[in-house]
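Have a look at the structure below before the remarks.
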Amino acid sequence: MLKTHSLIEPQDLSVEEIEELFTLADDIKNRPGLYINACEGKLMGTLFYEPSTRTRLSFASAMNRLGGRVVGFSDPGSSSVTKGETVADTARMLSAYADIIVMRHPYEGAPKVASLYSDIPVINAGDGGHNHPTQTLTDLYTMHTVFGRTSDLTVAICGDLKFGRTVHSLIQAMSRYENVRFILISPEELRVPRYLRQFMKDNKVDFTEVEKIEDAIADCDVLYMTRIQRERFSDESEYERLKDFYVLDGEKMKLARENMIVMHPLPRVKEISREVDYDPRARYFRQARYGMFIRMALILKLLEVGYQPKQTRLTPTKYHCKNPRCICNLENEPQQMMEIAPNEYRCLYCDYTVHIEE
Amino acid sequence: MLKTHSLIEPQDLSVEEIEELFTLADDIKNRPGLYINACEGKLMGTLFYEPSTRTRLSFASAMNRLGGRVVGFSDPGSSSVTKGETVADTARMLSAYADIIVMRHPYEGAPKVASLYSDIPVINAGDGGHNHPTQTLTDLYTMHTVFGRTSDLTVAICGDLKFGRTVHSLIQAMSRYENVRFILISPEELRVPRYLRQFMKDNKVDFTEVEKIEDAIADCDVLYMTRIQRERFSDESEYERLKDFYVLDGEKMKLARENMIVMHPLPRVKEISREVDYDPRARYFRQARYGMFIRMALILKLLEVGYQPKQTRLTPTKYHCKNPRCICNLENEPQQMMEIAPNEYRCLYCDYTVHIEE
Amino acid sequence: MLKTHSLIEPQDLSVEEIEELFTLADDIKNRPGLYINACEGKLMGTLFYEPSTRTRLSFASAMNRLGGRVVGFSDPGSSSVTKGETVADTARMLSAYADIIVMRHPYEGAPKVASLYSDIPVINAGDGGHNHPTQTLTDLYTMHTVFGRTSDLTVAICGDLKFGRTVHSLIQAMSRYENVRFILISPEELRVPRYLRQFMKDNKVDFTEVEKIEDAIADCDVLYMTRIQRERFSDESEYERLKDFYVLDGEKMKLARENMIVMHPLPRVKEISREVDYDPRARYFRQARYGMFIRMALILKLLEVGYQPKQTRLTPTKYHCKNPRCICNLENEPQQMMEIAPNEYRCLYCDYTVHIEE
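Residue numbers (the working numbering), protein chains in the order written: chain A, 324 to 681; chain B, 324 to 681; chain C, 324 to 681.
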């Protein structure tokens, strides 16, 4: 039985619990016929406050493959709930109908709010630039499936490492495993943020930072590709100079080990050329399939936890969250700035940290 | 077996039939496991010509919890049926695929038209400002569940009583029960319309009209809150003067009886302050859950009635409906102005009444 | 077992295979209870890149009536997959989740591309003005159901025969049967295109071209009505002169045989007046129901074929498709211009043919 009632951020699950999910996902993958009625009579509510077809289809497929049912909405335009109703109220309303909620929201912390008011489990399917824990589970489970382990791996990560939510979560999640080494491939101005570099140092995680795929590809077990958006470059000529460095093609693949794999959260745009699709080391489409299996395992485990009546009544804190993208500021939720170190306060909803001296 | 093939307006069901629905809904609520395959092989078509996430999710959840399936559309933007096809044709088309239709439409009378042409049962899920019978059933079923009765109750209703469809239906529906008393709370300019006041007098229903929640809250078994929209006030200063009178907060709740309940059709905006959510007398989120159960009962009962081939061919009447929001004028349905009193004619579709002297 | 893995164009199915589908559809129609769990555990992905409510509901109803499940999107607005991701990648992604894909796309050849990359069967639910093979199956199955045959029939087809995709497919499909005769009813400027006239001559199919319904209605077994759009006329006065010729009403029906039938792909606008609906020869609403049964048969047969790993890697051809509405030009798919006659090249994706002399 999981300790958490909801999955809001990757750290809600212990390493042992993730291992349990892997075991269950393996069984589902190997013996899918055993699970086609596992969620009979159960209902998932999918609240997508912004479109994310890929994630939504993955969850809906997972629930349907378990014999459960799905209701919900897929974009705010066709939804009246977004007009004037808070996430808290919508979560309570859906608690009346469904057995589990999957929520995507452009504001950071929105699924956290839902989990505070909902009597049924909530899964965060992406909240702005904040968290997307089932993507992280998908990534870990892909490595588990291919290598039989999530430790003792050299993982090269390529792209926009400054703003990439997926990348930050993956680094934090993998830092919990033994002997994981990162090679971080990015242009100077899109390197990982300082807090993450500090995090790796604090956790004694080995990492190097390089500028080109060629500097890393020969040494890694995993090459994790992500997109670099032109808009992220302050200098157009810098983008032009660098963009080809971040396109994985057949030439570069020649430098890679035979048993390495290429991963990508998808959708891929131009950062992986189509010829690579025919290389057996390309695993990004399989990765999507593994994502469905791990979501099936997660749904089953959270439904085991099930219904837990909530009477949350939070006392507002003295200090206020300064994040304009935080749900607490959008919807007037009680402020929850928790002191995490002297004069350092972190928002319970969005994890935004501020230094406050009186 | 219900006498009606479709539920278009609350009066389509007799008091006895509503009682039957309550009994079935109670059993579903108490023994949900018995019903998870009750609608196996059955298909609901949801035609939402305007978005109404809450109502749509309630129906879809109800059908899925019965083991049935749902197809449909949730807003006109993503639908091509609305382009040039009449409601009558769409209803006939969906009759070819589904076993029951749920329709929401901005034009009054549209579900009535669908029921005239569809071979399968039609449920009105809201037609403009006209009817929304399953909201009324939800309200009645909530009182039945809490008090064990829908008679012998003092019901205070607060908000925009002039334009509120929900309120009008509730008053009419409850007037059929013994010893029901209304306390109507609204500003002068948003009092119930004259026809409804006359209706209550004709039916010997006791009612009083007051201006503030404080004038009613101590005396009622049910406080039914609804929203007051700023736009409804002709005079901004009047709105400013009154708006706080129509906000239910912890202070006002102190005046209420211990065993009274607060209801609201949701979504709630500011008319109920969030502190009231923690008061055990607040039942508005539960009310949503009861709405799902009563809809489950209704679906089961209407599917019992099932398929009935239609060959409706209406002869147009001499007089025309004057309601610009009536579906008959939008889609050129045969006019059906029925004489209900000397020189008084009522439209079959939208119930709009006109006085015609030749 | 069908030879084809996907249904992209009507000719993908042999006459014998279509006959097999009819037999299965008949059984489904007669004994629906036998099939309510036939697709238990199977998942359909519906990718509608443009709205088509009628077709989508028909497929979703078919899959649900077989006990299968449906996930997908219904219009591009609420979908992020369309932003920058190719149809090829989306098809591969959905292959990871689902067991069968149904695709509607405004660009010609898009479902063909999907079928080249997807490991699971793909059904074309309409690609621009190109193909819509399940509409053709619906039309054939309707005749099979009513007459017990698709041969030995005189079929009058009325409307815009120049641009009507439905009409072109129907003519080509029926030309494969013995003793089928067409009466083509259209204004001069909207007659069937030259290639189709040539096709009928090559296949020794008897046809006549007339200008009015009255010129054909007394002689046909089937009157297949379609819409004529005002925009198709270059000359407004010509439209005004002709439009009533193409409206089927009770008067014209008096000229028709007793055992003929009226068909229409729906939605009908004004080309069939509502009084005809009550004529027992009107079969257009039934036709929609037959469409659901034939789709059920098709889904079952394609799922039998099932999963087939794809490693398609096409070598681009020298010449380029000139069709601006071809998916290959939109998404940079490898050009595939096949020589079908000396200096004649046809695009594999969209069937657009060009004459190239070097």
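Cβ atoms here follow ideal geometry from the backbone N, Cα and C, with glycine treated the same way.
Against chain B, with Cβ distances strictly below 7 angstroms, would residue i count as a contact?
i               : result
V592 of chain C : yes
I359 of chain C : yes
G364 of chain A : yes
A605 of chain C : no
S401 of chain A : With a pLDDT of only 49 at S401 of chain A, under 50, the local geometry of the prediction cannot be trusted, and no value is derived from it.
S384 of chain C : yes
Consider the Cβ of residue i: report whether some Cβ of chain A lies at a distance smaller than 7 angstroms.
i               : result
V394 of chain C : yes
A620 of chain B : no
S596 of chain B : no
R612 of chain B : yes
I'd like to know if residue i contacts chain C, where contact means its C-beta is closer than 7 angstroms to some C-beta of that chain.
i               : result
E408 of chain B : yes
A541 of chain A : no
S492 of chain A : no
Y464 of chain B : no
M324 of chain B : no
Give the single residue among the options whose Cα lies nearest to the Cα of residue i.
i               : options                           : result
N454 of chain A : A:R597, A:I480 and A:I494         : A:I494
V545 of chain A : A:C362, A:S329, A:P639 and A:V469 : A:V469
Q552 of chain B : B:D567, B:D542 and B:A541         : B:D567
Y420 of chain C : A:A448, A:R379 and A:P444         : A:R379
T465 of chain B : B:E656, B:C649, B:E681 and B:A611 : B:A611
I297 of chain C : C:K645, C:L344 and C:L330         : Chain C is shown from 324 up to 681; residue 297 of chain C falls before or after that span and cannot be answered.
Y500 of chain A : A:K575, A:R520 and A:V478         : A:V478
S375 of chain B : B:Q458, B:V599, B:M660 and B:F616 : B:Q458
L344 of chain C : C:P665, C:N646, C:P639 and C:I617 : C:I617
E689 of chain C : C:Y672, C:N666, C:C670 and C:C673 : Because chain C spans 324 through 681 in this model, residue 689 of chain C falls outside it and cannot be assessed.
E554 of chain A : A:Y518, A:E512, A:A539 and A:C673 : A:E512
V628 of chain C : C:I446, C:A348, C:R591 and C:S492 : C:I446
What in chain C is Cβ-close to residue i, meaning under 8 angstroms?
i               : result
R636 of chain B : Y601
Can you pull the chain B residues whose beta carbon is under 7 angstroms from the beta carbon of residue i, in chain order?
i               : result
D412 of chain A : P590 and R591
S381 of chain C : Y420
Can you name the residues of chain C whose CB is closer than 7 angstroms to the CB of residue i?
i               : result
R388 of chain A : L366
Chain B partners of residue i, CB-CB under 9 angstroms?
i               : result
F608 of chain C : D412, R415, M416, S418 and A419
Give me the chain A residues within the contact set of residue i, using Cβ-Cβ distance strictly less than 8 angstroms, ordered along the chain.
i               : result
M548 of chain B : Result: empty, since nearest Cβ-Cβ is about 14 angstroms, beyond 8 angstroms.
Going along chain A, which residues have a C-beta under 9 angstroms from residue i?
i               : result
M615 of chain B : A419 and Y420
S498 of chain B : What S498 of chain B touches in chain A: nothing, since even the nearest Cβ is about 28 angstroms away.
Output needed in chain order: residues of the region 645-669 of chain C with a Cβ under 7 angstroms from some Cβ in chain A. Answer set for the region 645-669 of chain C: empty.
Residues of the region 367-379 of chain C with a CB closer than 7 angstroms to any CB of chain B: list them in chain order, please. Going along the region 367-379 of chain C in chain order, one finds P374, S375, T376 and R377 with a Cβ nearer than 7 angstroms to chain B.
Going along the chain, which unbroken runs of the beta strand (DSSP E) with 3 or more residues stay wholly within the region 464-529 of chain C? DSSP runs (the beta strand (DSSP E)) wholly in the region 464-529 of chain C: 476-481 and 503-508.
Length-filtered (3 minimum) beta strand (DSSP E) runs lying within the region 594-671 of chain A: List check, beta strand (DSSP E) in window: 660-664 and 667-670.
Residues in the region 415-438 of chain A having any Cβ partner in chain B nearer than 8 angstroms: For the region 415-438 of chain A, which is checked against every Cβ of chain B, the residues closer than 8 angstroms are R415, M416, L417, S418, A419, Y420 and A421.
Those runs of the alpha helix (DSSP H) which lie wholly inside the region 411-458 of chain C and span at least 4 residues: Fully enclosed alpha helix (DSSP H) runs of 4 or longer: 433-440.
Under 8 angstroms (Cβ pairs) to chain C, residues found in the region 326-357 of chain A: Taking 8 angstroms as the Cβ-Cβ cut-off against chain C, the residues of the region 326-357 of chain A that qualify are P355 and G356.
Continuous beta strand (DSSP E) assignments of at least 3 residues falling wholly in the region 324-392 of chain A: Taking only runs of at least 3 residues, the beta strand (DSSP E) segments lying wholly in the region 324-392 of chain A are 366-371.
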